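Inspection log for the structure reproduced underneath, given as structure tokens.
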Amino acid sequence: MNTLRQDIRYGLRMLRKNPGFTLAAVVALMLGISSSTAIFTVVNGVLLQSLPYPRSDEIVSLAQTVRSTGVSSHDSSPANYIDWASQNDVFSALAASRGSQVTLSDGDRPERLRMTTTSANFFTLFGVNPILGRSLGQQDSKPGNDHVAVLGYEIWQRRFGGEGGVLGRNIILNGEPFTVIGVMPRGFSPDDYGELWIPSAWDVPEHPLVPGQDPRQMRDRNYLDVWGRLKTGVSLGQARSQMNAIAARLEKQFPNANMDVGVAVVFLREQLVSGLRPALVLLMASVAFLLLIGCVNVANLLLSRAAARSREIAIRFALGASRARLVRQLLTESVLLALLGGMLGVIFAAWIVPILLSLGPADLRSFREIGLNREVLGFSLVVSLATGLLFGAMPAFYASFSNPNDSLVRGERGSTGVRSRGRATLITTEIALSLVLLIGAGLMMKSFAKLIHVDPGFAPDGLLVFNIGLPRSTDSAHQAIFYREVTERLRALPGVRSAGAVSRLPLAGGNSSRSITLVGSNQPHDADLRIATSDYFRTMAIPSLRGRTFTEHDGQNGQPVAVINEAMARTIFPSEDPIGKHVLVGSDNATVQIVGVVGNVCHVGLESSARAEIYLPLGQMDWPSMFFAVRTASSSPLALTSAVQNAVWTVNKNVALADIRTMGDLVAKSVANRKFTMLLLAIFAGIALFLAAIGLFGVMSYSVVQRAREIGVRMALGAKRTDIFKLVVRQGMLLTFIGLAIGLVIALGVTRLMSGLLFGVSTTDASTFIILPALLALVAFLACWLPAYRASSVDPIIALRSE
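Below you can see the structure in the form of structure tokens.
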């Protein structure tokens, strides 16, 4: 311990004695460690931390799948859910829920909230107790007892001021009274609809389009989220095996509804993070590359410093110091540098993480426990110690195995060959790693550029969109009247060019599908269902390709008609005109005539292929909640928010607007994950490029100093300044090209792992693999230029005299 204290004190003195060297090394390490700490903070909060539920590793999500393709529908039918619950012995509980939006009209201003209708055992399954009152129980799942509600913590604080007296209070949800019986703790939101919860009168959430109807016999309507808790000792594989066996029995028993239906069972955490995992893994790998580049830079600095300290090290050898003692001293200094860089890196990371979360997608911000904690600090400490040993090992080895006699005679120019080779190895490694990061960032940037130039099938500029809903008891006739009046009020507003409504807005999430069968055929096809008003297509600027779109005369009292998109026309009518054809829609086999074909719309995402879609006119089918699109003449559609709200209130003062935003915001949200990944990769690549340039500059500058006598001799023998300039540049560019060649080979392998994150770009995109190495070569040339210029300006007499 005494020796260690001596090494630490001596190391600190040496760092204070050379502030320029210390600052350069600490900054290089800080950049790498702060980046890795910040990204690990996010990875830890999203991928590694347990969910805020007791024994959360037992909670799974279940959904129906198409067994032949493995594609999950992400939901299930009530009848299948009931059979799953009664026939399994691998779950201690199964629960079902259905998220929706509801209008809270309690108080002066109505507000649109996210609500979940659940089975009675929903809260028991997750094992979380309310902080006030009680949660839902079996007694609440009986007709007449089901008008109770449990509030989420956030709505309790915002709407009711956190008052304990909220228990027993009546609130109005979609025009119906509900009694508050409990308040859940902060952050409880397993289904992302955690603002309030109500029970179902049948212990299975009812279908939103047929309120009041017993859902327990519905087997062909998939709308439930299903959750399960594994019994102690039951593995995920065992649960999957049994649920697939149950699905096979149900297929034989109910072949019409359950043909080719399987069951997907995944851990709840896996379901929550599946969309974020690939990007976070890629970013973690990227910061590892960046940290290695920082280590290489510092290792080069330490090699140069070891050369400058060669006489000191030789004297210590002469006085009896062992090689092990010298290696330990040098490694102690390296670790001190790394710890200093680590401390600054943690401070910088604490500032970076909130910025990362603000720039990140909404899915990332939904994880509330992201922040510096013991795990993150432990990670930073381990990374700091490991990097200190990593970048200090080579300089310590070269310094301790140098020839002391040569060093005493020739000073810092002694035994430079091995150090020069070490620095050359490090700089080629640094350039190779930098190129890998550059190519990865380049592929992501090109992919993102292609994505944002995808035609979404509509014109988002100038569009204001929002959602409104009616009480579930409203019949189709009154729905149509209400939405028609709202549309007319919106059209009359100054600055509004047109307005329309649709049941499912592109890129807003959610979907509804139906089976579509051509009359006279037995072959059903799946298609996404949309209910739209007559002006919807014109408002969204969705092109009409054939036939016509809806008119004011289409609806409840008109002939049943439909408009399909181009993808559906190609699927069902590949070689004939669909106009005038009749198709059967859904399990009710409602017959409609196709009157028009419109262009494809990117509904799920810009990167997704167009799906078959069928549009029905409003009034032909009940749909209590609609998305409105308002096309404005203004470049700032949100300026009309108050006017739009007042227009809706003139029709019904108890209706609230939800999710009011521009269509441009929705488009931006749909690419937020890719933009976040691309932005961070670009930043990391920029830092790597900077560090590589600085590293090469340092190596070439030191080489010029080391070769001052050689350069003087060459010039004395007649070498021209241009010859010296070319000599130095050639040396630097040779190292660069070796690094580029190695980097290209590594990049060809590494970028294959990015294929799932790219859109419209190959992992071996030729332009990326040509332009970015050329860019790095140009930066390397600029880094070599100044040392080469200095070398060519050396006075040979002064150079020789200095020897």
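Residue numbers (the numbering used here): 3 to 805.
We put the CB at the ideal spot given by N, CA and C, even for glycine.
Owing to the predicted nature of the structure, the values given are computational and were not obtained by experimental measurement.
Applying the 10 Å Cβ sphere with the 16-neighbour rule, what's the burial state of residue i?
i    : result
Y12  : exposed
G598 : buried
W199 : buried
V384 : exposed
D59  : exposed
L6   : exposed
N302 : buried
L784 : exposed
K144 : exposed
E615 : buried
L50  : exposed
A635 : exposed
D477 : exposed
V289 : buried
G416 : Below a pLDDT of 50, predicted positions are generally treated as unreliable, and G416, at 45, falls in that range; no measurement from the model is reported.
M570 : buried
R18  : exposed
H2   : This structure cannot speak to residue 2, because the chain is shown only from 3 to 805.
W353 : exposed
F450 : buried
I357 : exposed
G557 : buried
R114 : buried
G170 : exposed
P545 : exposed
E371 : exposed
S409 : Bear in mind that a pLDDT of 49 at S409, under 50, signals an unreliable position, so the number given afterwards is only what the model happens to contain. Buried, because 16 or more other Cβ atoms sit within 10 Å of the Cβ of S409.
L719 : exposed
P363 : buried
Compare the C-beta of residue i with all C-beta atoms of chain B and state if any pair is closer than 8 Å.
i    : result
N123 : No chain B appears in this structure, which consists of one protein chain only.
Among the options, whose alpha-carbon lies nearest the alpha-carbon of residue i?
i    : options                : result
A690 : R223, L440, R732, M447 : L440
M117 : G129, D108, G101, S107 : G101
G512 : V267, F629, P496       : F629
L618 : A564, I372, A649, K722 : A564
P56  : I357, T126, N246       : T126
V378 : F771, F727, A40        : A40
L238 : S288, S137, L64, L547  : L64
R493 : A649, T643, C297       : A649
T724 : R223, Y791, R506, I454 : Y791
F393 : N82, D365, I429, S336  : S336
L293 : T234, D667, T431, S37  : S37
A287 : N224, V438, D142       : V438
L278 : K254, G235, L366, L338 : L366
R223 : T535, Y83, E712        : Y83
D624 : D77, D579, H209        : H209
F190 : F162, F124, L226, N147 : F124
I662 : A645, N656, K677, I748 : A645
A658 : A482, V594, M665, R111 : R111
Is it the case that the Cβ atoms of residue i and residue j are separated by a distance below 8 Å?
i    : j    : result
G347 : I35  : yes
S94  : R231 : yes
G343 : S386 : yes
D528 : S514 : no
L465 : P626 : no
V585 : L531 : no
S70  : D262 : yes
R754 : T765 : yes
L284 : L759 : yes
P80  : R242 : no
V265 : T67  : yes
L31  : T389 : yes
On the DSSP bridge assignment, give the partners of residue i in chain order.
i    : result
I133 : Looking at the DSSP assignment, I133 forms no beta bridge with any residue, so it has no partner.
L226 : S78
Q561 : Per DSSP, none; premise fails for Q561.
F468 : F630
D530 : S515, E615
T231 : According to the sequence provided, residue 231 is Arg. The question's Thr does not apply to it. Answer is I61, A95, bridged to R231.
L115 : V104
Is the segment 495 to 505 close to the segment 661 to 674, with three or more CB pairs under 8 Å?
no
Any contact between the segment 148 to 157 and the segment 175 to 191? By contact I mean 3 or more CB pairs, one from each, below 8 Å.
yes
Are there three or more Cβ pairs, one per stretch, closer than 8 Å when the segment 718 to 738 is compared with the segment 780 to 794?
yes
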